[in-house]
Amino acid sequence: MKAMAAKEVTKKVIQNEKLFILDVRNESDFNDWKIEGKNFEYLNVPYFNLLDGAEAILDKIPADKELLIVCAKEGSSVMIAEMIEEAGREASYLKGGMKAWSEHLEPVKVGDLKDGGEMYQFVRIGKGCLSYMVISNGAAAVVDATRMTEVFTDFAAEKNAEIKHVFDTHLHADHISGGRKIAEKTGASYWLPPKDAEEVTFEYKSLEDGNEVMIGSTKISIQAVYSPGHTIGSTSFVVDNRYLLSGDILFIDSIGRPDLSGKAGDWAGDLRETLYKRYKELSGELAVMPAHFMIIDELNKDGSVSEKLGTLFAKNHGLNIDDEAEFRTLVSENLPPQPNAYQEIRETNMGKISPDEEKQREMEIGPNRCAVR
């Protein structure tokens, strides 16, 4: 019996490897959120149904496929893996359980920048969150950081880069931002759209349309583009005239939802104007890099998530609804469930409450729910 780390499972997802997963969480938890892979197969049997032994399910587990046993925090999967091995079959368990899966970040280099420097995407594979780091001449900027801040500070140190700027494209409602914590630790400037920051309890730099923030001493710039709709302050970035960091406004296979502040009716029009007018004025050659992905099919072969803006205007259903009333209906009715604890997450990101680390984990459990398809 061996422990399989979230990083190993992520590699299998990206490389489309085969894996059979025995998930021993409750059925409702499994149906709500599970490890996804194009060539993964699943069996969900709650661990309490296996306390007397695993013999009854052995014929449901293929003998020719690698077996991974998954639970919430690890303990139950270790117990079941031992039973499986005692029955003569090999098994691995997910180290740290779904808690570890939710928190793993996989850095992927997405390109070199024109005047020197690099662009990285940090893929939070289990949660669907995407963060970014721009590095140039020993300086770095971080966009939409998660609460696992050491991943970003350690990565910058490995690249001999000092984090100078930290940005949030909007006030997040589905995950806790690590932006302010990184800024406090490194002395970097923390930028937030002022229209999303009316209730925050801390100081920040005002991120507004037309801001240009140089990274390093080269001509790599992060240009802010006001793009409301998901929130009233949502702001996109054009980086190096090559990349469009779209926040939660536009995804690869979906568009942002405008309802997480209870203002879907008011913000649906803003969302449409951003997608159908503001983004239409941008170059179709820009590579769209969103703050989330919704389904595993959105991953590229290298594990990154991106697509040209022109391609999305041709293929993304949310960008091709001519009738405005139909568009409003799509983004304001029959929406998927709202993110778990999203009001508490918003208050945490405002600085109003300071839950401990375990509470923060609980608040974030579950899939990405920022999109409308």
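If you're matching positions, the sequence shown starts at 46 in my numbering and goes up one per residue. Note that beta-carbon positions come from the ideal geometry of N, C-alpha and C, so glycine has one too.
- Using a Cβ distance threshold of 7 Å, glutamate 130 and methionine 46 count as a contacting pair.
- Between the segment 281 to 297 and the segment 200 to 210 there are fewer than three C-beta pairs closer than 8 Å, too few to call the two in contact.
- Excluding the 5 residues flanking it on each side, threonine 191 has same chain C-beta neighbours closer than 7 Å at Leu150, Arg169, Cys174, Ser176, His220, Gly223, in chain order.
- Nearest to methionine 339 by C-alpha distance, out of Val333, Gly171, Ile114, is Gly171.
- In the structure shown, the three-state DSSP call for tryptophan 312 is helix.
- Within the segment 158 to 246, complete beta strand (DSSP E) segments of at least 3 residues are found at 163 to 169, 174 to 181, 184 to 188, 207 to 212, 234 to 237, given in chain order.
- Straight across, the Cα-Cα distance linking isoleucine 300 with glutamate 253 is about 22 Å.
- Less than 7 Å separates the beta-carbon of asparagine 385 from that of glycine 411.
- Contact check for glycine 274 against aspartate 315 passes: the beta carbons are separated by less than 7 Å.
- As a beta-bridge residue in DSSP terms, proline 335 pairs with Gly292.
- Only residues of its own chain outside the window of five on either side were considered, and among them His149, Glu151 have a CB closer than 8 Å to the CB of lysine 52, listed in chain order.
- By the CB criterion at 7 Å, tyrosine 249 and tyrosine 235 fall inside the cutoff.
- Bridge partners of proline 152 according to DSSP: Phe167.
- Comparing C-alpha distances from asparagine 94 to each of Lys79, Asp104, Leu112, Glu72 shows the shortest one belongs to Glu72.
- As computed with DSSP, phenylalanine 282 is found in a beta bridge with Ala269, Leu290.
- Under the three-state reduction of DSSP output, glycine 301 falls in the strand class.
- Residue burial is scored here from C-beta neighbours: threonine 393 has at least 16 other C-beta atoms within 10 angstroms and is therefore classed as buried.
- Per the C-alpha coordinates, the member of Lys159, Ala117, Ala126 positioned closest to alanine 145 is Ala117.
- Boundaries of the beta strand (DSSP E) harbouring glutamate 257: 257 to 259, taken from the DSSP string.
- Nearest C-alpha to valine 258 among Ala201, Ala186, Arg373, Gly161: Ala186.
- Contact check for isoleucine 227 against valine 211 passes: the beta carbons are separated by less than 7 Å.
- Taking the C-beta atoms as reference points, leucine 237 is found no nearer than 7 Å to threonine 276.
- The Cβ atoms of glycine 348 and isoleucine 66 do not sit closer than 7 Å to each other.
- When the Cα atoms are used, isoleucine 398 and methionine 128 turn out to be separated by approximately 43 Å.
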